[in-house]
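Just so you know, the numbering used here puts 229 at position 153 of the sequence shown, and the rest follows in order with no gaps. All residues carry an ideal CB built from backbone N, CA and C; glycine is no exception. Just so you know, these numbers come straight off a predicted model, no measurement behind them. Okay, structure first, notes after.
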Amino acid sequence: MNICVFLSAADLHERYTRPAREFAKLIGKGGHALVWGGSDVGLMKVVADGVQEAGGRLIGVSVDFLSARARPGADEMVVARDLAERKRLLLEKADAVVIMVGGTGTLDEATDILELKKHGHTGKPVVLLNTAGFYDGLKEQFRRMEEEGFLPRPLTDLVFFAEEPVGAMAYLEESLGVA
């Protein structure tokens, strides 16, 4: 599987880096590839290191204005012209998407894939990894959207909420029939 991970490039507390490292090891040990924003800093670096150390492949999609932060030694690295092209390429290269902790860029990427899924433009499984309750508020907002009729499809058709890395990977493998 090529697993796209949307996440922060910030240096974060261990409560966020530990589960990210765990998920990265599951990607690598499972023989999967990481598709990510290509940066070699912060949480993006933590995940790329973990995948590579566990034997997985790295497929990066950087963007022109961040290319100086691109990870050297990735198996594949593409530099997009802008953020819109970057998102498109990330999704094209992925079989599944995992949303980890992040800021406005991660939230933008997350809502973009959910909007595509809502309208039937992709059937890729999407997991929101709710590390340390980071997305509790967003989860509640999504539920309110569903309850009040803002979503034309059940929330469970759009996204799976996982509290731990192993649950996220199990959902992806089951969704795509990977043993």
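Shortest alpha-carbon distance to Tyr247 belongs to which of Lys200, Pro230, Arg97?
Here residue 247 is taken as the residue at index 171 of the sequence shown, counted from 1. Nearest of Lys200, Pro230, Arg97 to Tyr247, Cα basis: Lys200.
Per DSSP, Val81 is paired with what?
Position 5 of the sequence shown, counted from the first residue, corresponds to residue 81. According to DSSP, which records beta bridges pairwise, Val81 is partnered with Val174.
Can you check which of these residues, Asn78, Cys80, Ser84, Met77, is closest to Val177 by C-alpha distance?
In the sequence shown, the residue the question calls residue 177 occupies position 101. Comparing Cα positions, the closest option is Ser84.
Taking Tyr92 as the reference, which of Val254, Met245, Gly253, Glu240 has the closest Cα?
Sequence index remark: in the sequence shown, residue 92 carries index 16 (1-based). Tyr92 has its Cα closest to that of Glu240, out of Val254, Met245, Gly253, Glu240.
Under the assumption that Gly136 contacts Ala100 (Cβ atoms under 8 angstroms), give the Cβ distance between them as a whole number of angstroms.
Along the sequence shown, one-based indexing puts residue 136 at 60. Along the sequence shown, one-based indexing puts residue 100 at 24. Contact doesn't hold; Cβ gap of about 14 angstroms is too wide.
Relative to the alpha-carbon of His197, which residue among Ile175, Glu168, Leu110 has its alpha-carbon at the smallest distance?
Locating residue 197 in the sequence shown gives position 121, where the first residue counts as 1. When only C-alpha atoms are compared, the closest one is Glu168.
Ends of the alpha helix (DSSP H) at Phe99?
Taking the sequence shown and counting its residues from 1, the one referred to as residue 99 is at position 23. Counting along the chain, the alpha helix (DSSP H) containing Phe99 begins and ends at 90-105.
Using only CA atoms, which one of Gly213, Val123, Val117, Gly104 lies nearest to Ser143?
Locating residue 143 in the sequence shown gives position 67, counting from the first residue. Closest by alpha carbon: Val117.
Quick check: Ala244 and Leu205, are their CB atoms within less than 9 angstroms of each other?
For this step, residue 244 is matched to residue 168 along the sequence shown. For this step, residue 205 is matched to residue 129 along the sequence shown. Yes, Cβ-Cβ distance for Ala244 and Leu205 is below 9 angstroms.
Which runs of the beta strand (DSSP E) spanning at least 3 residues fall entirely within the region 138-165, listed in chain order?
The qualifying runs are 152-156.
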